[in-house]
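Colleague: Below is the structure I would like to discuss, written out as structure tokens.
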Amino acid sequence: MKLSELLERIEYTCCQGDTEQEITSVVYDSRKAGEGSLFICIRGAVADGHKFIPDVLAKGVKALVVEEDVQVPADVTVIRVEDTRYAMAFISAAWFGYPAEQLKTIGITGTKGKTTTTYMVKSILENAGYKVGLIGTIEAIVGDETIPAANTTPESYIIQEYFRRMADAGCDCVVMEVSSQGLMLHRTQGFIFDYGIFTNIEPDHIGPNEHRDFDHYLACKSMLLKQCRVGIVNRDDEHFAKIIEGHTCELETYGFSPEADLRAEDAHMVNGRGYLGISYHVKGLLDFPVEIDIPGKFSIYNSLTAIAICRHFKVSRENIIRALKVARVKGRIEMVKVSDEFTLMIDYAHNAMALESLLTTLREYHPHRLVCLFGCGGNRARQRRFEMGEVSGRLADLTIITSDNPRFEEPQAIIDDIKTGIAKTDGKYVEICDRKEAIAYAIHHGEPGDIIVLAGKGHEDYQEIKGKKYPMDERVLIADILAGR
1 MKLSELLERI
11 EYTCCQGDTE
21 QEITSVVYDS
31 RKAGEGSLFI
41 CIRGAVADGH
51 KFIPDVLAKG
61 VKALVVEEDV
71 QVPADVTVIR
81 VEDTRYAMAF
91 ISAAWFGYPA
101 EQLKTIGITG
111 TKGKTTTTYM
121 VKSILENAGY
131 KVGLIGTIEA
141 IVGDETIPAA
151 NTTPESYIIQ
161 EYFRRMADAG
171 CDCVVMEVSS
181 QGLMLHRTQG
191 FIFDYGIFTN
201 IEPDHIGPNE
211 HRDFDHYLAC
221 KSMLLKQCRV
231 GIVNRDDEHF
241 AKIIEGHTCE
251 LETYGFSPEA
261 DLRAEDAHMV
271 NGRGYLGISY
281 HVKGLLDFPV
291 EIDIPGKFSI
301 YNSLTAIAIC
311 RHFKVSRENI
321 IRALKVARVK
331 GRIEMVKVSD
341 EFTLMIDYAH
351 NAMALESLLT
361 TLREYHPHRL
371 VCLFGCGGNR
381 ARQRRFEMGE
391 VSGRLADLTI
401 ITSDNPRFEE
411 PQAIIDDIKT
421 GIAKTDGKYV
431 EICDRKEAIA
441 YAIHHGEPGD
451 IIVLAGKGHE
461 DYQEIKGKKY
471 PMDERVLIAD
481 ILAGR
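Position one of the sequence shown corresponds to residue 1 (the numbering used here), numbered consecutively onward.
Listed below in structure tokens is the structure:
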């Protein structure tokens, strides 16, 4: 492909060289550069691509995209842009033949609910006969292939590559999680989302290499409403007015508010033998009852979001009801059947905010006991340990403290920090360092009416210890325990 074709949708200055040369590959990782590559110099948190120019020139690169003046041989074409990340998104879209134009694209952002909602949307649309691609925190799904995720929202080049593969595989649409980092770093530029969804916002991801403050976090999230044709926003969020400020899309709302276009009314908790769920009635733009096998008010929001999206795909109410009933997300309030007497679930809650939301929700089901098993990751902020310990001590009847990715720290030191948080409460606890033994204790000591939560690991299938990842899937551990292994 000619360089000029790759640059057709961006503003640039050709500082030297020829834009009609043929490009054989587009790269932003110097290790992948070769003869005829276009190398895009990206400034990362750790490395600056401009520093690798001598390396890529030695490999035969004859075209560069830069943000600053560079001194290179006269036979090298230099394209200068204001922001190389922004330019890369459009260059990547061109390289893969603008695949988003062959798909209906759905982007979901928000502090909570992105992962669950993407899987609900996928379930509903597939139930209605659509072929759906997915990009998210857990994995990317392209046709029959699943690819483990490194980031919630991958680099723009990878997004466009996935889109191309989805279109070639016959997908009709793609639903993807859109992180604030992804928006801030222009990973979702190069195309316009057909539907952009804003689930909610709470203080999170604020700190070095993330967002300087809550206003910046909100501003980055809200960028989605300037990159979509139809925006669907939670009307109940206290920051609603700020979220929609400056939006350029057609706007729809959902929630419990009487002002919402699509509303949830008459919500009830559903509690069976080893089973928790919720039911409600959809009103406004649609009118029908819903029951889902996932507990809590946030499950209403997640499912209502999915319904608001799928309405645009002319999915019948029967298909929506049926799909929501069977929708499951690995590691997100994932029920695992171990007994008719008590309920056990796996959830990814791995910070104090998520754990408090989960335990508060489960308290509403009035369990005989609420049992919370968790650990905290090593080589991460110690404050998280104190906070999670305090939350569990306050809200759970019994906390089982165990290990979770200790990395290069001693598991006992992490457990001691968690106990410091629990000590601020009257909460009861036991400590069992080995996670399998801890889960076995929870199961063997389960009492009728208990709700037991295994928190923190969620979809993860490994334990990270001293720089190595060891296989460890809680579902496998549970099966082994039940089988007496």
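Glycine included, C-beta positions come from ideal geometry on N, C-alpha and C.
Is the stretch 387–398 touching the stretch 422–442 in the sense that three or more CB pairs, one from each, lie closer than 8 Å?
Modeller: Taking 8 Å as the limit for Cβ pairs, the verdict is that the stretch 387–398 does touch the stretch 422–442.
Colleague: For Cys15 versus Ile91, is the C-beta distance shorter than 9 Å?
Modeller: Numbered from 1 along the sequence shown, position 15 holds the residue referred to as residue 15. Numbered from 1 along the sequence shown, position 91 holds the residue referred to as residue 91. No. Outside cutoff.
Colleague: Which of the three DSSP states is assigned to Met345 in this structure?
Modeller: For this step, residue 345 is matched to residue 345 along the sequence shown. Reduced to three states, the DSSP call for Met345 is strand.
Colleague: State the CB to CB distance for the pair Ser346 and Cys376, rounded to an integer number of angstroms; the pair is presumed to be in contact (CB under 8 Å).
Modeller: Your numbering for residue 346 matches position 346 in the sequence shown. Your numbering for residue 376 matches position 376 in the sequence shown. A quick correction: the sequence has Ile, not Ser, at residue 346. The pair is not a contact, with the Cβ atoms about 17 Å apart (cut-off 8 Å).
Colleague: In terms of residues, what are the limits of the alpha helix (DSSP H) holding Asp194?
Modeller: The sequence position of residue 194 within the sequence shown is 194, counting from 1. From DSSP, Asp194 is part of no alpha helix (DSSP H) but of the beta strand (DSSP E) over Phe193 to Phe198.
Colleague: Which complete alpha helix (DSSP H) runs does the stretch 405–461 hold, if anything under 4 residues is left out?
Modeller: Listed in chain order, they are 411–422 and 435–444.
Colleague: Looking at Gln227: is its Cβ nearer than 9 Å to the Cβ of Leu185?
Modeller: Here the question's residue 227 lines up with position 227 in the sequence shown. Here the question's residue 185 lines up with position 185 in the sequence shown. No, the pair does not count as a contact, with Cβ atoms beyond the cut-off.
Colleague: Does the stretch 17–28 come within contact of the stretch 73–89, defined as at least 3 CB pairs closer than 8 Å?
Modeller: A contact exists between the stretch 17–28 and the stretch 73–89.
Colleague: Just the C-alpha distance for Asp473 and Ile147, rounded to the nearest angstrom, thanks.
Modeller: By one-based count along the sequence shown, residue 473 stands at place 473. By one-based count along the sequence shown, residue 147 stands at place 147. Rounded to whole angstroms, Asp473 to Ile147 spans 18 Å at the Cα level.
Colleague: What do you get for Arg485, buried or exposed, if any count of 16 or more other CB atoms within 10 angstroms of its CB means buried?
Modeller: One-based indexing of the sequence shown puts residue 485 at position 485. Exposed, by the Cβ-count rule.
Colleague: When DSSP labels each residue in this structure, what does Pro154 get in the three-state scheme?
Modeller: Taking the sequence shown and counting its residues from 1, one reaches residue 154 at position 154. DSSP places Pro154 in coil when its eight states are reduced to three.
Colleague: With distance defined between alpha-carbon atoms, name the residue in Asp144, Ile478, His312 and Ile138 nearest to Ala128.
Modeller: The residue you call residue 128 lines up with position 128 of the sequence shown. Of the listed residues, the one whose Cα sits closest to Ala128 is His312.
Colleague: Per DSSP, Asn271 forms a beta bridge with which residues?
Modeller: Numbered from its first residue, the sequence shown carries residue 271 at position 271. Its beta-bridge partners are Leu276.
Colleague: Buried or exposed for Phe39, going by 16 or more other Cβ atoms inside 10 Å?
Modeller: Reading the sequence shown from its first residue, position 39 is the one you call residue 39. It is buried - the Cβ of Phe39 has at least 16 other Cβ atoms within 10 Å.
Colleague: Where do the ends of the alpha helix (DSSP H) carrying Leu251 lie?
Modeller: For this step, residue 251 is matched to residue 251 along the sequence shown. Looking at the DSSP string, Leu251 is not in any alpha helix (DSSP H); the run it does join, the beta strand (DSSP E), is Glu250 to Gly255.
Colleague: Beta-carbon within less than 6 Å of Gly296's beta-carbon, same chain only, minus the 5 sequence neighbours each way: which residues are those?
Modeller: Here the question's residue 296 lines up with position 296 in the sequence shown. Answer for Gly296: Thr361, listed in chain order.
Colleague: In whole angstroms, give me the CA-to-CA distance for Thr153 and Thr253.
Modeller: If you number the sequence shown from 1, residue 153 lands on position 153. If you number the sequence shown from 1, residue 253 lands on position 253. Each residue's Cα considered, the two are about 24 Å apart.
Colleague: Let me confirm a value: Pro73 is counted as buried when at least 16 other C-beta atoms fall within 10 Å, else exposed. Which label applies?
Modeller: The sequence position of residue 73 within the sequence shown is 73, counting from 1. Exposed.
Colleague: Classify Gly458 as buried or exposed, calling it buried when 16 or more other Cβ atoms lie within 10 Å of its own Cβ.
Modeller: Along the sequence shown, read from residue 1 onward, the residue named residue 458 stands at position 458. Gly458 is buried by the Cβ-count criterion.
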